[in-house]
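Q: The structure that follows is given in the form of structure tokens.
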Amino acid sequence: MEVSSPACMWFTSQTQSNIFSNYHIGWLNSNQEANSDERKSNKSALRGCLDVNCQLGEGAQGSIYLVTYGESEKFALKVCRKKTSLKCARNYSIQNSFKAIEILNEVKILDSLNPAFIIEFFEKFETENYNSFLLEFCQGGDLLPDMHPLIYTVYHLQKVNEQEIKFSESSVKFYISCLALELDYIHSKGFVYRDLKPENVLLDKYGYPKICDFEIVKREVYGKEVDWWSLGILTYEFPFNETPFEDDNIFVEHENIKTKEPSYCTRNDLSTECIEFISQLLSKDQNNRLGKNGIKDFIVHPWLEDIDFKELEHQNSEPPYPIEGVSPSETHFFCEEYTQKMLDYQLVQEIS
């Protein structure tokens, strides 16, 4: 039985051994980490040529900014102050440099995974006070329903009881199928993601969901089953706008996770197959949980029988909300708390 925690992405035993076997403290050596992919090498001249437009969000290790290269090419830039990242690694032992390890290995993971499934990583560089990571800009924003402007559209959300607007079942089916493919891909590379939630799912320029935020915490090894549990939580949260075991008291919520079953009574429009799908992902017996056989379990599930996973994998299926046609410079899919925030002068001077 898993109880959610603040941890993000976890290694399987073999992957953990591979990544840390030749680990050394300090900024990643450019020769050691060189990627032959021309798509990435072409971005090597970007440093010093970026205009910082606005902030998009912030996380535990740093802030995310929208930046422009040249006339109109947009990127997301993850910026981490050295005093909270690699600087500590130069002064303390590896055991006491947890944040540095998280940041360094987020780069390693992003650089090793297929950008069709996760946020694309282009370049890493450092200035006097910052370590920066140039990433794909997903202009559709995240899938956090209570904050996202898409909640007011008719594309992938619908009214329930003429009062609330929530994800339609067909939209949930599309996004969850995509995420199942992405998690299965991550598992095939030896990783367990461990932090699937709406704010860590972004819509790319085509309207397809991509997983982001690969900060790593090395504490103990979890099985893949924890990701399928999280997918079940997310599948429930999309149509219900709340998590299945939610309570104001965190201790009660943890007890609910252990002892209670989800309630589906507030959405009598959901199909039996959908409810069974969620229940099977939220099985408290991880040996019987949907996903134990990987993506095969999803391909043959009755609820997803109309999903062509091959078409989905190649992004040939029409997304519920196509982002195409939306200007890359528009940020109305992001929280104004960040986009309207005054920029840090020191940051702008060093990055631009």
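Sequential numbering of the sequence shown, starting at 889, is according to our numbering.
Here a beta-carbon is modelled for each residue, glycine too, at the ideal position from N, C-alpha and C.
Is Pro1150 near Ile1166, with beta carbons less than 9 Å apart?
A: As a first step, residue 1150 is located in the sequence shown; it is residue number 262 there, counting from the start. As a first step, residue 1166 is located in the sequence shown; it is residue number 278 there, counting from the start. Cβ distance < 9 Å, so Pro1150 and Ile1166 count as in contact.
Q: Based on the DSSP output, what are the partners of Phe963 in its beta bridges?
A: Translated into the one-based positions of the sequence shown, residue 963 becomes position 75. According to DSSP, Phe963 bridges with Val955.
Q: Would you decide whether Val1188 is buried or exposed? Buried here means 16 or more other CB atoms lie within 10 Å of its CB.
A: Within the sequence shown, the letter at position 300 stands for residue 1188. The residue in question, Val1188, is exposed, as its Cβ has fewer than 16 Cβ neighbours within 10 Å.
Q: If you run the structure through DSSP and keep just helix, strand and coil, what is Ser1240?
A: Against the sequence shown, residue 1240 aligns to sequence position 352. Of the three classes helix, strand and coil, the one that applies to Ser1240 here is coil, per DSSP.
Q: Just checking my contact of Thr1227 with Leu944 at CB under 8 Å: how many whole Å lie between their CB atoms?
A: On the sequence shown, position 339 is the one that residue 1227 refers to. On the sequence shown, position 56 is the one that residue 944 refers to. Right, their Cβ atoms sit about 7 Å apart.
Q: Which word fits Val1080, buried or exposed, when buried means at least 16 other C-beta atoms lie within 10 angstroms of its C-beta?
A: Stepping through the sequence shown from its first residue, residue 1080 is reached at position 192. With 16 or more other Cβ atoms within 10 Å, it is buried.
Q: Please confirm whether Asn1137 has its beta-carbon closer than 9 Å to some beta-carbon of chain D.
A: This model lacks chain D altogether; it includes just one protein chain.
Q: Quick one: what does DSSP say Val1114 is sitting in, helix, strand or coil?
A: Taking the first residue of the sequence shown as position 1, residue 1114 is located at position 226. Assigned with DSSP and collapsed to three states, Val1114 falls in helix.
Q: Assuming Leu1084 contacts Leu1119 under a Cβ cut-off of 8 Å, what Cβ separation, rounded to an integer in Å, is found between them?
A: Here residue 1084 refers to the residue found at position 196 of the sequence shown. Here residue 1119 refers to the residue found at position 231 of the sequence shown. Going by Cβ atoms, the distance from Leu1084 to Leu1119 rounds to 6 Å, so yes, they are a contact pair.
Q: In chain order, which continuous runs of the alpha helix (DSSP H) of length 4 or greater are located wholly inside the stretch 1132-1208?
A: Secondary structure within the stretch 1132-1208: the alpha helix (DSSP H) runs of 4 or more consecutive residues, fully enclosed, are 1138-1147, 1160-1169, 1184-1187, 1197-1201 (chain order).
Q: Assign Asn1002 to one of three DSSP states: helix, strand, or coil.
A: Translated into the one-based positions of the sequence shown, residue 1002 becomes position 114. Coil, per DSSP.
Q: Starting from Glu1225, follow its DSSP beta bridges and name the residues at the other end.
A: In the sequence shown, residue 1225 corresponds to position 337, counting from 1. Looking at the DSSP output, Glu1225 sits in no beta bridge, so it has no partner there.
Q: Give the straight-line distance between the Cα atoms of Glu1225 and Asn1176, rounded to the nearest whole angstrom.
A: Position 337 of the sequence shown, counted from the first residue, corresponds to residue 1225. Position 288 of the sequence shown, counted from the first residue, corresponds to residue 1176. The alpha-carbon atoms of Glu1225 and Asn1176 are separated by roughly 42 Å.
Q: Apart from the five residues just before and just after Leu1032, which ones in its own chain have a Cβ nearer than 6 Å to its Cβ?
A: The residue given as residue 1032 occupies position 144 in the sequence shown. Result list for Leu1032: Pro1086, Glu1087, in chain order.
Q: Ordered along the chain, which non-local residues of its own chain (more than five positions away) have a Cβ less than 7 Å from that of Asp939?
A: The residue given as residue 939 occupies position 51 in the sequence shown. Here the set comprises Val955, Thr956, Ser1240.
Q: Below 6 Å CB to CB, which residues in the same chain sit around Thr900 once its five sequence neighbours on both sides are set aside?
A: By 1-based counting over the sequence shown, the position of residue 900 is 12. Here Thr900 scores only 47 on pLDDT, less than 50, and its place in the model is too uncertain to base an answer on.
Q: May I have the straight-line CA-CA distance separating Glu1238 from Phe1010, to the nearest angstrom?
A: The residue you call residue 1238 lines up with position 350 of the sequence shown. The residue you call residue 1010 lines up with position 122 of the sequence shown. So the two alpha carbons sit approximately 19 Å from each other.
Q: Following the continuous alpha helix (DSSP H) through Ile1099, name the residue where it begins and the one where it ends.
A: Indexing the sequence shown from 1 puts residue 1099 at position 211. Counting along the chain, Ile1099 falls outside any alpha helix (DSSP H), though it belongs to the beta strand (DSSP E) covering 1097-1099.
Q: Nearest to Lys1012 by CA position, among Lys1146, Phe963, Glu1130, is which residue?
A: Position 124 of the sequence shown, counted from the start, is the residue given in the question as residue 1012. Closest option to Lys1012, Cα to Cα, is Phe963.
Q: So, under 8 Å CB-CB, Ser1159 and Glu1057 are touching, yes? Tell me the CB distance rounded to an integer number of Å.
A: For the purposes of this step, residue 1159 is taken as residue 271 along the sequence shown, with counting starting at 1. For the purposes of this step, residue 1057 is taken as residue 169 along the sequence shown, with counting starting at 1. Rounded, the Cβ-Cβ distance is 6 Å, consistent with contact.
Q: Give me the Cα-Cα distance between Thr1147 and Gln1027, rounded to the nearest whole angstrom.
A: What you label residue 1147 is simply residue 259 of the sequence shown in a count that begins at 1. What you label residue 1027 is simply residue 139 of the sequence shown in a count that begins at 1. Approximately 40 Å between the Cα atoms of the pair.
Q: Among Tyr1096, Trp1117, Gly958, which has the Cα closest to the Cα of Pro1210?
A: Residue 1210 sits at position 322 when you count from the first residue of the sequence shown. Out of Tyr1096, Trp1117, Gly958, Tyr1096 has the C-alpha closest to the C-alpha of Pro1210.
Q: Could you check where the beta strand (DSSP E) with Glu1024 kicks off and where it finishes?
A: Taking the first residue of the sequence shown as position 1, residue 1024 is located at position 136. Unbroken run through Glu1024: none, as it is neither H nor E.
Q: Do Asp1101 and Gly947 have their CB atoms nearer than 9 Å?
A: Indexing the sequence shown from 1 puts residue 1101 at position 213. Indexing the sequence shown from 1 puts residue 947 at position 59. Going by C-beta atoms, Asp1101 is nearer than 9 Å to Gly947.
Q: In its own chain, which residues sit with a C-beta less than 8 Å from the C-beta of Thr1041, not counting the 5 before and 5 after it?
A: If you number the sequence shown from 1, residue 1041 lands on position 153. For Thr1041, the pLDDT reaches just 44, beneath the cut-off of 50, and the residue's location in the model is therefore unreliable, although a value from the coordinates is still provided. Around Thr1041: Tyr1209.
Q: Among the candidates Cys942, Phe1005, Ile1006, Phe1021, whose CA atom is the shortest distance from the CA of Gln949?
A: Residue 949 sits at position 61 when you count from the first residue of the sequence shown. Of the listed residues, the one whose Cα sits closest to Gln949 is Phe1021.
Q: Going by Cα to Cα distance, which pick from Asp1135, Tyr1124, His1220, Cys937 is closest to Tyr838?
A: Since the displayed the chain opens at 889 and closes at 1240, residue 838 lies outside it and no answer follows.
Q: Determine which residues share a DSSP beta bridge with Lys1012 and list them.
A: As a first step, residue 1012 must be located in the sequence shown, where it is residue number 124. DSSP lists Phe1021 as partners of Lys1012.
Q: Classify Lys1061 as buried or exposed, calling it buried when 16 or more other Cβ atoms lie within 10 Å of its own Cβ.
A: Walking along the sequence shown from the start, residue 1061 turns up at place 173. So Lys1061 ends up on the buried side.
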